[in-house]
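Novice: Got a structure for you, written out below as structure tokens; questions coming shortly.
In structure tokens:
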């Protein structure tokens, strides 16, 4: 069973060495997984905007669908309009529209306060040119007032013109299923694709999760802590946990899987191999 749609996320490299490594990783993953698209992240306050553009160009020129992240907080309509034109001019057809984080030291939100406003703006400026992806938070956005308020905000974002959503990563499949059920009750009928985070480094994972509000179940946290600095055991355990999660999601008929690759090929390939998702 290897016909499920897969997609990948990369972050823009900061050095020539990083760019060469990412090129190699992208070629490996693309050959094996045949991703529907590859998204490229965007730093807070535009800190990696040039890196995003150059990475997106390279992916696009290699004949693959690239989806730049577009963050609106702290930005102006003119700046977003300019970025949309740049992406449209080079042939990009997919955008990941995000609110983003307010850059440190900046006290003002700018002309956009929520991703819903960005989605409406993209639609008003470019009509149906872009397939718009948005973010979903099965375990609640860290700044949301409540779970019900968060799901309502998500539903409004989808109704504003989004085509599909990618979730924040999670390790409890029930959180995803509950979120999807609640969203569908509010009239959302677009695909909500689970975001998958490989486990390769427990310190990094704990830091990421604390920052973005992703819950690490206690049993996973305790097992990771028990391995100490034994990276081989951490990777082996992580591979089993994430492969099992993906299998639960696949059996339930999710629309696809979106891998947060961390610019690495090995673990994502191992998960896909466990699930018989390799397409080459």
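Numbering (my numbering), first residue to last: 3 to 282.
For every residue, glycine included, the Cβ atom is placed at its ideal position computed from N, Cα and C.
1. The beta strand (DSSP E) that contains residue 10, what's its start and end?
2. Please state whether DSSP places residue 270 in a helix, a strand or coil.
3. DSSP three-state label for residue 216, please.
4. Taking only runs of the alpha helix (DSSP H) that begin and end inside the stretch 222-254, which ones reach a length of at least 4 residues, in chain order?
5. Indicate the three-state DSSP secondary structure (helix, strand or coil) for residue 263 in the structure shown.
6. Any idea if residue 159 is buried or exposed, counting beta-carbon neighbours within 10 angstroms, 16 or more meaning buried?
7. For residue 135 versus residue 164, is the C-beta spacing smaller than 9 Å?
8. Please classify residue 170 as buried or exposed, where buried requires at least 16 other C-beta atoms within 10 Å of its C-beta.
9. Comparing alpha-carbon positions, which option in 6, 217 and 11 lies nearest residue 197?
10. Can you list, in chain order, the residues of its chain with a C-beta nearer than 6 Å to that of residue 109? Leave out the 5 residues immediately preceding and following it.
11. Counting only the same chain and skipping the five closest in sequence on each side, list residues whose C-beta sits under 8 Å from that of residue 239.
12. Taking only the alpha-carbon atoms, compute the straight-line gap between residue 47 and residue 5 and give it to the nearest angstrom.
13. Hey, could you find the ends of the beta strand (DSSP E) residue 65 is sitting in?
Specialist: Taking the coordinates as given:
1. 7-12
2. helix
3. coil
4. 233-253
5. coil
6. buried
7. yes
8. buried
9. 11
10. For residue 109, the predicted model reports a pLDDT of 49, less than 50, meaning its position is unreliable and no value from the coordinates is stated.
11. 201, 225, 226 and 229
12. Residue confidence for residue 47 is low, a pLDDT of 45 falling below 50, so the modelled location carries little weight and cannot support an answer.
13. Per DSSP, residue 65 belongs to no beta strand (DSSP E) and is neither H nor E.
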